[in-house]
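According to our numbering, the sequence shown holds residues 343 to 702 in order. Read the structure below first, then the notes.
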Amino acid sequence: AHQGRGAEHLLSQIMIKPGQVVPGNMYFTTTRFHQEYAGGKFEDIIIDQAHDPDSEYPFKGNVDLDKLKLLVDKHGAENISYISYETCVNMAGGQPASLENMRAVYEFCSSKSIPVFLDATRAVENAYFIKKREAGQQDRSIAEILKEICSYSDGCTMSGKKDCLVNIGGFLAFNDDGLAEKARNMVVCFEGLHTYGGMAGRDMAAMAVGIRESVEFDYIRARVEQVGYLGKKLEEFGVPVLKPFGGHAIYLNARKILPHVPQDEFPAQRLAGEIYLEGCVRSMERGTVSAGRSRDGENRKPELELVRLTIPRRVYTQSHLDVVSETVARVCERNESIGGLKMVYEPEHLRFFQARFEPL
């Protein structure tokens with residue numbers, strides 16, 4: 343596929359029948375859009391700790407098995423299209439899931455004939471956290487852990503712009519030959535021939551190299567520790583950040599930084615704008631704007647109102663990150679003078695990409 347979004351679209355169109363429920367460990371913006379566009383209804387089954395930015399629980403990406411079982415009992419297994427299981431959950435702060443949880447979810451779903459599909463975009467980062475945090479995994483290689491992660495699924499979507507170390511591209515994988523055939527027939531309508539899916543040959547070649555390099559321990563350790571360095575620097579300045587630090591980004595707690603700005607005035611969006619104006623540091627809102635509107639037209643108001651500071655791979659030095667932390671600290675020092683925003687242009691779909699705002 344040309345990127346992860348293309349893979350999400352194909353998976354949703356193939357797997358979801360109108361009216362079916364799609365449980366997942368927290369929503370992701372484009373994933374939920376494609377699920378709803380296909381007629382499905384997303385249901386959040388992530389553990390409660392994931393909604394607490396101050397919780398130090400090591401695997402905040404885990405599925406709550408009790409929530410999943412209650413959902414299956416309520417709707418019936420036949421009305422569950424599949425489980426959407428994200429590795430290193432983006433909207434929760436890049437938080438990993440444990441092998442133990444993945445195994446338990448897959449065993450339960452297999453007993454109910456419910457497929458499990460991974461969003462494997464950050465599965466390598468997830469494997470690193472498993473190696474560091476989960477009992478009995480310390481002596482295993484990243485590649486071995488990654489292979490076991492994939493074994494607890496019936497397929498996956500992948501955005502290659504993250505773990506795979508390329509600028510563009512993605513893929514959709516199935517264990518089932520019949521589903522793979524459906525995907526091959528559909529991909530030519532939306533992406534390109536199944537042999538390239540909208541990707542240039544050079545990008546496919548780069549992805550092949552990137553996949554191999556991504557599981558090298560020294561690389562992934564340096565990658566995650568660089569993120570941790572930024573988190574520690576921000577903490578030294580007293581900036582409220584989501585804990586524990588994720589694998590690809592540090593998330594600022596906009597609710598604590600701008601406690602006087604209500605969610606309908608988009609505090610995370612305003613904070614991201616102020617950081618850019620202060621030091622030309624481009625961050626991203628992951629809060630009320632990203633959550634979009636519910637079916638009744640009201641703004642969804644997630645528990646987490648965050649600003650994401652994502653670190654590109656193999657790009658920045660510690661000096662760059664020092665500048666980032668100093669910029670954020672200066673904004674936080676004048677937080678009381680920062681107000682909210684009103685949205686003056688709201689696109690029909692995925693508003694956070696193109697919406698325009700004015701300060702109140």
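Cβ coordinates follow ideal geometry from the N, Cα and C atoms, glycine included.
ask   = Below 7 Å between beta carbons: does that hold for phenylalanine 587 and glycine 570?
value = yes
Task: Segments of 4+ residues assigned as alpha helix (DSSP H) that fall wholly inside the stretch 492-574 - done: 519-532, 543-556
### Query
When the Cα atoms are used, what is the spatial distance from proline 701 to glutamine 345?
34 Å
Give me the Cα-Cα distance between leucine 352 and asparagine 421, rounded to the nearest whole angstrom.
Taking C-alpha positions only, leucine 352 is separated from asparagine 421 by approximately 19 Å.
Please list the terminal residues of the continuous alpha helix (DSSP H) segment that includes aspartate 415. 407-417
(Q) Taking only three categories from DSSP, how would you classify glutamate 620? (A) Assigned with DSSP and collapsed to three states, glutamate 620 falls in helix.
**Asked** Out of Val447, Ala419, Ala380, which has the shortest C-alpha to C-alpha gap to asparagine 367?
**Response** Of the residues Val447, Ala419, Ala380, the one whose Cα lies closest to the Cα of asparagine 367 is Val447.
Grab me the residues of arginine 475's own chain with a C-beta within less than 6 Å of its C-beta, minus the 5 sequence neighbours each way, in chain order.
-> Pro400
Point to revise | Cβ pair count under 8 Å reaching 3, the stretch 665-677 against the stretch 407-427 | key: no
inquiry  = Tell me which residues share the same chain as glycine 552 and place their Cβ nearer than 6 Å to its Cβ, disregarding the 5 neighbours each side in the sequence.
reply    = Cys506, Leu507, Val508
Next item on the list: Return the chain-ordered list of same chain residues with a C-beta closer than 7 Å to the C-beta of glutamate 577, the five sequence neighbours on each side being excluded.
Entry: Val583
Own chain, CB closer than 7 Å to glutamate 627, minus 5 neighbours either side, in chain order:
Ala610, Gln611, Ala614, Val649, Phe694
task = In angstroms with no decimal places, state the Cα-to-Cα distance between serine 493 and asparagine 404.
result = In this model, serine 493 and asparagine 404 are separated by some 17 Å (Cα to Cα).
Problem set entry | Rounded separation between aspartate 406 and isoleucine 389 - CA only | 5 Å
request  = Determine the contact status of leucine 488 and alanine 469, defining contact as a CB-CB distance below 7 Å.
outcome  = yes
*asked:* Using only CA atoms, which one of Lys585, Val431, Glu467, Val686 lies nearest to aspartate 394?
replied: Lys585
Residues of its chain near glutamine 660, where Cβ-Cβ distance is below 7 Å and the 5 sequence neighbours each way are ignored: Closer than 7 Å at Cβ, skipping near neighbours: Tyr571.
Could you round the C-beta distance between tyrosine 427 and methionine 357 to whole angstroms and report it? I think they count as a contact, below 8 Å.
Actually they are not in contact, since the Cβ atoms of tyrosine 427 and methionine 357 sit about 13 Å apart, beyond 8 Å.
Backbone secondary structure at lysine 684 - three-state DSSP: strand
Check: Is it the case that the Cβ atoms of cysteine 674 and valine 603 are separated by a distance below 7 Å?
Finding: Not a contact, by the Cβ cut-off of 7 Å.
Relative to the C-alpha of leucine 521, which candidate in Gln355, Ala343, Val466, Phe699 has its C-alpha closest? Gln355
### Simplified DSSP state of serine 426, which is helix, strand or coil
Looking at serine 426 - three-state DSSP - the assignment turns out to be strand.
**Report entry** Opening and closing residue of the alpha helix (DSSP H) in which aspartate 386 lies
**Finding:** Not the alpha helix (DSSP H): aspartate 386 falls in the beta strand (DSSP E), residues 383-386.
Best match in Glu645, Val623, Asn641 for proximity to tyrosine 658 [C-alpha to C-alpha]: Val623
Got a sec, what are the start and stop residues for the beta strand (DSSP E) threonine 652 sits in? 648-652
### Query
Just reading off the beta strand (DSSP E) that valine 603 is part of, what are its end residues?
Careful: valine 603 lies outside any beta strand (DSSP E) and carries neither H nor E.
_If I measure Cβ to Cβ from lysine 402 and keep anything under 6 Å in the same chain, skipping five residues before and after, which residues do I get?_
Once the five neighbours on either side are set aside, the close Cβ partners of lysine 402 are Gln391, Ala392, Ala434, Gln437.
Check: Is the beta carbon of glycine 629 sitting closer than 7 Å to the one on glutamate 647?
Finding: yes
Look up glycine 366 in the DSSP assignment and say whether it is helix, strand or coil. strand
By the three-class DSSP mapping on this structure, what secondary structure does phenylalanine 471 have? helix
Could you pull out every residue in the same chain whose Cβ sits closer than 6 Å to the Cβ of cysteine 430, ignoring the five residues on either side in sequence?
Gly436, Pro438, Arg464, Glu467, Asn468, Gly589
Notebook entry, point to check: Taking the alpha-carbon positions, what's the phenylalanine 608 to arginine 698 distance?
Noted result: 12 Å
Between valine 364 and the rest of its own chain, which residues show a CB-CB distance below 6 Å, the 5 nearest in sequence each way excluded?
-> Gln377, Gly382, Phe384, Ser423, Ser426
So what does DSSP say about valine 657, is it helix, strand or coil?
In this structure, valine 657 counts as coil in the three-state DSSP scheme.
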